[in-house]
Every structure is written in C-alpha cells, then in structure tokens.
C-alpha cells in the first residue's frame, strides 16, 4: 500500500526501491512464484514504467501476469489489472495493436464483474480501461473513437469520484489533446486549464501530471503563435519533469522536443537543433530506433 502511494505521489524511484526490497527477500527465500510476489512485480513494473524504463517494466509485468495466470481463474480482476498495465507499456513502446488487445481483454474481465458487491470499484476500472483505449485511438489518429471513449470514462468518473479528483483531470487533459489535434485550440486550452486547476489542487507541487498540463498549454500557445508564452509553459514543465524524474526520462526528451519546436518556429535553428538532439539522445536510449518518438526527432533534425 505504501509503495503504491509513493507512485501516486510521483516518487517513482522510492517506490521502485520499496518493491524491489520485497522481491529480493522473496527470491532469497525461494518464494518468488507466489501471488504476493506477483503483486510486487506488478507494482515495481509500474514504477519503472513511470520512470520511462519500459523494457524493464514490461519484463516485470509479464512476470506478474504469468504468475497470476498460473494461480488464478482467467477472469480474476488481478489479471485484468496486469493486462491493463502491460497495455499502457506496449502503447508507450509504439506497439498499438498489442496495447489495444490487452485493454480489450481487461475490459472483458471487468464487464463480467459488473453487478458485484464492488460495483463502484469495477466501474472505475472500466473507466480506466476505456480511457486507455481512447488514448491508443488518439495515438493512431482515430479521434472520434477516442473522444467517445474519453467521454464515457469521464462520465463514470464524475459519477463515482470527488469533483476535483486527478483521474477526472486526466480525462479533461485527454479531451483537450483531442480538441488540439483537431485545431480547436480555444476548447483545448479551456480543457487544459481546467485539468491544471484540479491537479494543482490535489497533487504535490512537483508531480509530473502538473508538468503534463503545462506542456499541453504550451502546445496550445505554440499553435496560436504565442511563442514566448509557449516557452514559459514548456520551461515550467521541463523543470518539474527534471526535478521529479531525472535527466534521462522520456518526458525530458518530450520537453526538449517541445522547446525545440518553439525555436524552430522562431527561426533560431541552432537552438532548435540542440534541443532536438537532446531529445533524440534520450529517446534512443529508452526506445527502439524505429519507435515513433525517435522517428519524429530524426524528422525535425532532417528538416
């Protein structure tokens, strides 16, 4: 419970170390094939994923899934949780088809459990899975399908959660990204600002989700030609990501790329190139060379 709280607070290294100590103890005792250890593998995988270490995260999550499939019925909620988490990791690695398949498997399990005593909890899990499916649709450019999923998730969360809950902010930010992708910058900014307000009210000051909101607002300002305001937001995001996650995280690469895009628009090509090269260096350490994120860096460097 404590380690999961650390993840929710954005303290990923501390959470990774916390779960790692339990895993090491259970390995030394020869009991690392138990359901208890599967939980530790799962949560340490979450911490690695939050730190951008997706290959390590995938291996840990796969280990957790293998143990749970061995000991549990096929429709146990714990299997659905792990499938959901692996789906997020696969999505981050650019394996969108695999990610969607994982999410649909999880959704099928959660739907089998509706009507149980823990109906509200199951409903929230359905909302999370719907939001994840919407995220993959967004990444693939399927904006209408993505919007439907995010709105369904938002409706469930607003019914079951406090009005300023961070998960509601996540859906608002996702909807803002959809508006943004469709050129609806006013609607996007409004959604981003509402999400930021919720996150600042409920999360620690240097939580990565707050940086994510600043990054989103910077993107909207960039599209509107407000370059200095965009830089202001992007630098706020960079500072939070750097303090919370360290210099080699993929979100730092994302920040470098965002700042570089402003300088590119301003015609300061040397400064833009410097930032794109910084993004590429981080991306290629964490992802395959053919991952879309690395490819995008190559694209801008070659322009």
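Numbering (this note's numbering), first residue to last: 431 to 733. For glycine and all other residues, C-beta sits at the position ideal for the given N, C-alpha and C. On a predicted model such as this, the values are computed, not experimentally measured, just so you know.
**Asked** Going by the beta-carbon positions, is the gap between residue 754 and residue 693 smaller than 8 Å?
**Response** Absent from the structure is residue 754, since the part of the chain shown begins at 431 and ends at 733.
**Prompt:** Which same chain residues, not among the five before or five after residue 625, have their C-beta less than 8 Å away from its C-beta?
**Reply:** Locating residue 625 in the chain shown gives position 195, counting from the first residue. Setting aside the 5 residues that flank it on each side, residue 625 is surrounded in the same chain by 599, 600, 602, 603, 606, 643, 646, each with a C-beta closer than 8 Å to its C-beta; the list follows chain order.
**Request:** List the endpoints of the continuous alpha helix (DSSP H) containing residue 481.
**Result:** As a first step, residue 481 is located in the chain shown; it is residue number 51 there, counting from the start. Where residue 481 is concerned, there is no enclosing alpha helix (DSSP H), because DSSP gives it neither an H nor an E.
**Message:** I'd like the ranges of any alpha helix (DSSP H) spanning at least 4 consecutive residues and lying wholly in the segment 527 to 574.
**Reply:** Scanning the segment 527 to 574 from its first residue to its last, the whole alpha helix (DSSP H) runs of 4-plus residues come out as 549 to 569.
**Asked** So, using beta-carbon positions, are residue 542 and residue 596 closer together than 8 Å?
**Response** Residue 542 sits at position 112 when you count from the first residue of the chain shown. Residue 596 sits at position 166 when you count from the first residue of the chain shown. Their beta carbons are not under 8 Å apart, which means residue 542 does not touch residue 596 by this criterion.
**Request:** Count the other CB atoms, across all protein chains shown, that sit within 10 Å of the CB of residue 429; report buried if there are 16 or more and exposed otherwise.
**Result:** This structure gives no information on residue 429, because the portion of the chain shown stretches from 431 to 733.
**Prompt:** Whose CA, out of 444, 555, 689, lies closest to the CA of residue 666?
**Reply:** Position 236 of the chain shown holds residue 666. Considering only alpha carbons, the answer is 689.
**Request:** Within 10 angstroms of the Cβ of residue 464, are there 16 or more other Cβ atoms? Answer buried if so, exposed if not.
**Result:** As a first step, residue 464 must be located in the chain shown, where it is residue number 34. A residue is called buried once 16 or more other Cβ atoms fall within 10 Å of its Cβ, and residue 464, having fewer, is exposed.
**Message:** Using the three-state DSSP reduction, which class does residue 446 fall into: helix, strand or coil?
**Reply:** Your numbering for residue 446 matches position 16 in the chain shown. Helix, per DSSP.
**Item:** the segment 484 to 497 touching the segment 507 to 523, judged by at least three CB pairs closer than 8 Å
**Value:** Short answer: they touch.
**Message:** With distance defined between alpha-carbon atoms, name the residue in 457, 469, 483 nearest to residue 678.
**Reply:** Stepping through the chain shown from its first residue, residue 678 is reached at position 248. The shortest Cα separation from residue 678 among 457, 469, 483 belongs to 483.
**Request:** Under 7 Å Cβ to Cβ from residue 651, same chain only, skipping five residues before and after it: list those, please.
**Result:** Residue numbering aside, residue 651 sits at position 221 when the chain shown is read from its first letter. The beta carbon of residue 651 sits closer than 7 Å to those of 659, 660, 663, all from its chain and outside the five residues before and after it, given in chain order.
**Asked** Under the rule that 16 or more other beta-carbon atoms within 10 Å means buried, what is residue 592, buried or exposed?
**Response** For the purposes of this step, residue 592 is identified with residue 162 of the chain shown, where counting begins at 1. Of the residues assessed, residue 592 falls on the exposed side of the cut-off, its CB having fewer than 16 other CB atoms within 10 angstroms.
**Item:** Start-to-end residues for the alpha helix (DSSP H) that takes in residue 600
**Value:** Here residue 600 refers to the residue found at position 170 when the chain shown is read from its first residue. Note, residue 600: alpha helix (DSSP H), 596 to 611.
**Asked** residue 533 and residue 572: beta carbons closer than 8 Å?
**Response** In the chain shown, the residue the question calls residue 533 occupies position 103. In the chain shown, the residue the question calls residue 572 occupies position 142. No, Cβ-Cβ distance for residue 533 and residue 572 is not below 8 Å.
**Request:** In the DSSP assignment, find the unbroken alpha helix (DSSP H) run with residue 617 in it and report its ends.
**Result:** Counting from 1 along the chain shown, the entry for residue 617 is found at position 187. Counting along the chain, the alpha helix (DSSP H) containing residue 617 begins and ends at 615 to 632.
**Message:** Assuming the contact rule is C-beta atoms closer than 8 Å, residue 504 and residue 473 should be a hit. Round their C-beta distance to whole Å, please.
**Reply:** Reading the chain shown from its first residue, position 74 is the one you call residue 504. Reading the chain shown from its first residue, position 43 is the one you call residue 473. Cβ atoms of residue 504 and residue 473 stay farther apart than 8 Å, at about 22 Å.
**Message:** Please determine whether the Cβ atom of residue 650 lies at a distance below 7 Å from any heavy atom of the ligand HEM.
**Reply:** Looking for the ligand HEM in the displayed structure turns up nothing, as the structure carries no ligands at all.
**Prompt:** Excluding five sequence neighbours on each side, which residues of the same chain lie with their C-beta closer than 6 Å to the C-beta of residue 529?
**Reply:** Here residue 529 refers to the residue found at position 99 when the chain shown is read from its first residue. Excluding positions up to five away in sequence, the list reads 517, 520, 521, 566.
**Request:** Give the secondary structure of residue 488 by DSSP, where H, G and I count as helix, E and B as strand, and everything else as coil.
**Result:** To locate residue 488, count along the chain shown from 1; it is residue 58. Helix.
**Message:** Cutting at 6 Å between CB atoms, please list the residues of its own chain near residue 371, excluding the five before and the five after it.
**Reply:** Because the chain here runs from 431 to 733, residue 371 falls outside it and cannot be looked at.
**Whole-angstrom distance between residue 594 and residue 631, CA atom to CA atom** = Taking the first residue of the chain shown as 1, we reach residue 631 at position 201. Taking the first residue of the chain shown as 1, we reach residue 594 at position 164. Distance between the alpha carbons of residue 631 and residue 594 is about 8 Å.
**Prompt:** Roughly how many angstroms separate the alpha carbons of residue 455 and residue 445, rounded to a whole number?
**Reply:** Taking the chain shown and counting its residues from 1, the one referred to as residue 455 is at position 25. Taking the chain shown and counting its residues from 1, the one referred to as residue 445 is at position 15. Roughly 16 Å separates the two Cα atoms.
**Request:** With a 10 Å radius around its C-beta and 16 neighbouring C-beta atoms as the bar for buried, classify residue 576 as buried or exposed.
**Result:** As a working note, residue 576 is residue 146 in the chain shown. Buried: at least 16 other Cβ atoms inside 10 Å.
**Request:** Compute the distance between the beta-carbons of residue 481 and residue 608, then report whether it is under 8 Å.
**Result:** Numbered from its first residue, the chain shown carries residue 481 at position 51. Numbered from its first residue, the chain shown carries residue 608 at position 178. With contacts defined by Cβ atoms closer than 8 Å, residue 481 and residue 608 do not form a contacting pair.
**Item:** Straight-line Cα distance separating residue 486 from residue 564
**Value:** The residue you call residue 564 lines up with position 134 of the chain shown. The residue you call residue 486 lines up with position 56 of the chain shown. Straight-line spacing of the CA atoms in residue 564 and residue 486 works out to 25 Å.
**Contacting residues, own chain, Cβ-Cβ under 7 Å from residue 452 (five flanking each side not counted)** = Reading the chain shown from its first residue, position 22 is the one you call residue 452. Cβ within range, chain order: 470.
**Request:** Find the nearest neighbour of residue 569 within the set 537, 610, 589, 551, judged by alpha-carbon distance.
**Result:** To locate residue 569, count along the chain shown from 1; it is residue 139. Relative to the Cα of residue 569, the nearest Cα in the group 537, 610, 589, 551 belongs to 610.
**Message:** Which of the three DSSP states is assigned to residue 508 in this structure?
**Reply:** If you number the chain shown from 1, residue 508 lands on position 78. If DSSP states are grouped into helix, strand and coil, residue 508 belongs with the helices.
**Prompt:** From 639, 618, 461, pick the residue whose C-alpha is nearest to that of residue 408; which is it?
**Reply:** Since the first residue shown for the chain is 431 and the last is 733, residue 408 is missing from the structure and cannot be characterised.
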